[in-house]
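Some notes on the structure that comes next.
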């Protein structure tokens, strides 16, 4: 009971902007709470809309600092951290990894080790990827590192996410593998939303190359089209005070950082023709399937968009709700060997499976709180990160 309560609290203490546990929580008049830093970044207008309910809000004369502190949220954050520290049975090498059977028949007694800075612990794990050899690469955002595990959940190694050899570190947000087995990681400089990067690493952490990304405070996802050796990165632009005008797109780069094209932008002729149906607004994660088609989750429209490899809109599926086939603020997306599509249905606390046309098949998990990224292993296991600083290996 206590463990379940803590999990519920952890979900409620997650900032919907940075997707991490609240830092210096500030409460708006509508009672929704966000990190002070998240509210303040890029805010220049006297009025702005709440990112959650979109109620129009006046900025206090003192700025963001003038909003009342959410002392209860701050206190709960501290208590949850203390409780997580007391309850975790630290198993050497196991880290913040747990294994679950898809039918949940063998899940008793599994370690749930939460946040921390030690080897195998996470502070805001967001993106992840799984290699053909079965190594799991997790973007440990606040610890500014990539951690590597086996599919049995054992810690292997880690390396810092520097943007150049011996240089400054970045907060990694997402990670993908290219056709040569190298890692591509997207992130930003700590507390500087105007410094975004895409960095290529060897699996041991050696920096191979990097290129700069447009400054934006919104989350970015990354995928690799291994057939054409192109790097795909989601991008959202727009301001806090005018969320109705958020603009999303997928940027396609050569490995040297040359921009090849943009996909799904609502300022394209097909986006203008039918933005609601075909244009992205707040894209998060993406993946490229075996046929080269691009699948993108859009948090704002609660949908997954599908585009051909040359950027033509194909279809979308999902839609806001909690029924079968519906989604709520979807995040991670990946495909299995049959082309079926797994989606982290974050707002509904579940992971869903659809066929390659977007038809709902079944629930893969309903026991993971606010799942973030998903990645499929060659053996059929699904790896999922969540808001509670856990990476779960689902044996499907």
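In this note's numbering, the protein residues as written are 17 to 412. We put the beta carbon where it would ideally sit given N, CA and C, even for glycine. Note that this is a predicted model, so its numbers are computed, not measured.
Best match in the options for proximity to residue i [C-alpha to C-alpha]
| i | options | result |
| --- | --- | --- |
| residue 382 | 373, 395, 394, 363 | 363 |
| residue 330 | 312, 276, 396 | 312 |
| residue 367 | 142, 348, 352 | 348 |
| residue 54 | 34, 73, 404 | 34 |
| residue 79 | 63, 303, 93 | 63 |
| residue 337 | 393, 91, 316, 193 | 316 |
| residue 91 | 37, 353, 249, 216 | 37 |
| residue 69 | 134, 260, 236 | 260 |
| residue 11 | 65, 252, 190 | The structure shown does not extend to residue 11, since the chain is modelled only from 17 through 412, so no value can be given for it. |
| residue 239 | 324, 302, 340 | 302 |
| residue 9 | 230, 358, 192, 304 | Here the chain has residues from 17 to 412 only, and residue 9 is not among them. |
| residue 149 | 185, 161, 397 | 397 |
| residue 326 | 52, 133, 243, 237 | 243 |
| residue 412 | 51, 387, 358 | 358 |
Short Cβ contact (8 Å threshold) for residue i with residue j
| i | j | result |
| --- | --- | --- |
| residue 273 | residue 321 | no |
| residue 318 | residue 345 | yes |
| residue 215 | residue 201 | yes |
| residue 310 | residue 248 | yes |
| residue 237 | residue 300 | yes |
Same chain, Cβ closer than 8 Å to residue i, five either side skipped, listed in chain order
| i | result |
| --- | --- |
| residue 276 | 246, 268, 269, 270 |
| residue 86 | 38, 41, 42, 43, 49 |
| residue 156 | 138, 139, 140, 141, 162, 163, 174, 188 |
| residue 133 | 139, 159 |
| residue 93 | 29, 37, 38, 41 |
Neighbourhood of residue i by C-beta, 6 Å cutoff - its chain only, sequence neighbours within 5 removed
| i | result |
| --- | --- |
| residue 164 | 151, 153, 172, 173 |
| residue 332 | 319, 321 |
| residue 278 | 265, 267 |
| residue 391 | 144, 145, 146, 350, 399 |
| residue 304 | 239, 241, 310 |
Buried versus exposed, by CB contacts within 10 Å (16 or more), residue i
| i | result |
| --- | --- |
| residue 360 | buried |
| residue 45 | exposed |
| residue 183 | exposed |
| residue 2 | The question about residue 2 has no answer, for the chain in this structure spans 17 to 412. |
| residue 137 | buried |
| residue 196 | exposed |
| residue 328 | exposed |
| residue 186 | buried |
| residue 188 | buried |
| residue 31 | buried |
| residue 52 | buried |
Length of the line joining the Cα atoms of residue i and residue j
| i | j | result |
| --- | --- | --- |
| residue 371 | residue 82 | 49 Å |
| residue 394 | residue 144 | 15 Å |
| residue 224 | residue 198 | 9 Å |
| residue 219 | residue 377 | 35 Å |
| residue 289 | residue 71 | At residue 289 the pLDDT is 47, less than 50, meaning the model places this residue with poor confidence; the figure from the coordinates comes in the next sentence. Distance between the alpha carbons of residue 289 and residue 71 is about 28 Å. |
| residue 374 | residue 181 | 43 Å |
| residue 241 | residue 95 | 44 Å |
| residue 141 | residue 74 | 33 Å |
| residue 314 | residue 252 | 10 Å |
| residue 221 | residue 409 | 23 Å |
| residue 296 | residue 250 | 10 Å |
| residue 306 | residue 324 | 12 Å |
| residue 233 | residue 66 | 16 Å |
| residue 168 | residue 203 | 27 Å |
| residue 334 | residue 89 | 32 Å |
| residue 211 | residue 47 | 31 Å |
| residue 84 | residue 166 | 45 Å |
| residue 176 | residue 217 | 11 Å |
| residue 213 | residue 308 | 24 Å |
| residue 387 | residue 170 | 21 Å |
| residue 281 | residue 389 | 23 Å |
| residue 135 | residue 76 | 42 Å |
Proximal residues to residue i (C-beta, below 7 Å), its chain only, five neighbours per side dropped
| i | result |
| --- | --- |
| residue 340 | 376 |
| residue 356 | 369, 370, 371, 372, 377 |
| residue 254 | 261, 262, 263 |
| residue 342 | 334, 335, 336 |
| residue 235 | 35, 189, 300 |
Closer than 8 Å to chain B by CB, residue i
| i | result |
| --- | --- |
| residue 384 | No chain B is part of this structure, which consists of one protein chain only. |
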